[in-house]
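Step one of this worksheet: look at the structure below.
Numbering (full-length UniProt numbering), first residue to last: 1 to 69.
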């Protein structure tokens, strides 16, 4: 059922807006990535350039991590 809803929703979006570009987006606040539509001005996330130490860890502050090294 969910697949049918998603297919109809995507078809209606395609008819209204034209083709879309989808890609992997990285959320630095949560340290997660997800697939979403990407606008012309946005850049897709490249997993090859991913550094897991660069995201905003809620338990530690980025500035504290840099001060330790």
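No residue lacks a Cβ here, since even glycine has one placed at the ideal position from N, Cα and C.
This one's a predicted model, so the numbers in the text were calculated from it and none came from an experiment.
Original post:
Which one or two residues does DSSP pair with residue 12 in a beta bridge?
Top reply: Looking at the DSSP assignment, residue 12 forms no beta bridge with any residue, so it has no partner.
Subject >> Assumed close pair residue 35, residue 24 - CB separation to whole angstroms, cut-off 8 Å >> reply: 6 Å
Subject >> Test item: CB-CB of residue 37 and residue 21 under 8 Å >> reply: yes
Original post:
Under 8 Å, do residue 33 and residue 26 count as touching if we go by C-beta distance?
Top reply: yes
Subject >> Rounded C-alpha distance that separates residue 70 from residue 12 >> reply: This structure gives no information on residue 70, because the portion of the chain shown stretches from 1 to 69.
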